[in-house]
Amino acid sequence: MKEASLKIFQSQVLLPFTLANGSTHAFLGPFMGQNKKKFGNTLLPEDASSLPFIHSSEIDLSLFNDTTKIFRAFPPLKDRHLQWLLRVEQAMNSSWVEAGIFEFIQLAKFDLHLFDPQMLLSAIFLWNRETRAFEFPCGFVCPTLLDIAAITGLAPIRDRFHPDVVEEEISIKEVSITWDKKTYLAFINAHVGQPGTPVSESEHIAFLMYWLSACVFCTPSLQVPKYYYVLAQTLHLKKKICLSKLL
């Protein structure tokens, strides 16, 4: 009877789980079981803390009790995020096309706070943080540059970006960027131009820094760091760099 129940359980398409508040959800199956052989990794040392959930004796689902905190670093569209994006886009869309980032910036118009927790759990159930790959029965599967190109529109082959080698063609002292803002909203309010006024060089670089910090690299500090200045300046100057490799 136990063996028959196990076969039924392993053949399920949806696996139910219950959160602390009593609500029941489900993610895609089937469940592989704890006795399945772990995939061998001969390239990197194995770190038990980075193994996929499927190899864990216990799965902590407390993160899904409050799904609003998962992407809390991404600015809500209801704030001035979208207003600033549309303002700068109207003036700089041709520059973005030339730099190869226009399609990628369009993704910042979507609200990442609206997502399916069950689908996310299904994806990370077999995700190994150490190898950056999914561990499927058929072997390792990982995102490629072509996948990134298809999703973001970024070219997979361009000049490599070396921040230590690239010179500041526009000195950081020449632009009017305020560095003491502790939140993204405060940074936007400090640098967004007035309606009807042209987008200045400083405003465009400030926007690109904000976009890189909040939407591309998802900086957890919730503020814009200075080290994105060189990359933002490079994109402002329409240099064709391979941004997809940085992702």
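For what it's worth, the UniProt record's numbering labels the leading residue of the sequence shown as 1, then goes sequentially. For each residue, glycine too, the CB sits at the ideal point set by N, CA and C.
Taking a 10 Å sphere around the C-beta of residue 128, we find 16 or more other C-beta atoms and assign the residue as buried.
In the DSSP annotation of this structure, the continuous segment of the alpha helix (DSSP H) that includes residue 201 starts and ends at 201-211. Nearest Cα to residue 102 within the set 236, 197 and 171: 236. Put simply, the backbone Cα of residue 179 is about 39 Å away from that of residue 134. Of the candidates 208, 245, 241 and 228, the residue whose Cα lies closest to the Cα of residue 108 is 208. Judged by DSSP secondary structure, residue 133 falls within the beta strand (DSSP E) whose first and last residues are 133-136. Here residue 172 is exposed, its C-beta having fewer than 16 other C-beta atoms within 10 Å. By the Cβ test, the stretch 154-168 is in contact with the stretch 227-245, since at least three Cβ pairs between them sit closer than 8 Å. The three-state secondary structure of residue 140, taken from DSSP, is strand. Inter-residue distance for residue 161 and residue 99 is about 13 Å (C-alpha atoms, whole angstroms).
Cβ-Cβ distances below 8 Å link residue 88 to 199, 203, 204 and 207 in the same chain, with the five nearest sequence neighbours on each side left out; the list follows chain order. Nearest to residue 120 by alpha-carbon distance, out of 176, 97, 92 and 25, is 25.
The bridge partners DSSP lists for residue 111 come to none. In the DSSP assignment, residue 189 falls within the unbroken alpha helix (DSSP H) covering 184-191. Residue 214 holds the alpha-carbon nearest to the alpha-carbon of residue 182 among 214, 197 and 196.
By a beta-carbon distance limit of 8 Å, residue 84 contacts residue 188. Their separation comes to about 5 Å. No residue range can be given for residue 227, since it is assigned to no alpha helix (DSSP H) and is classified by DSSP as neither H nor E. In the structure shown, residue 157 adopts coil according to DSSP, grouped into three states.
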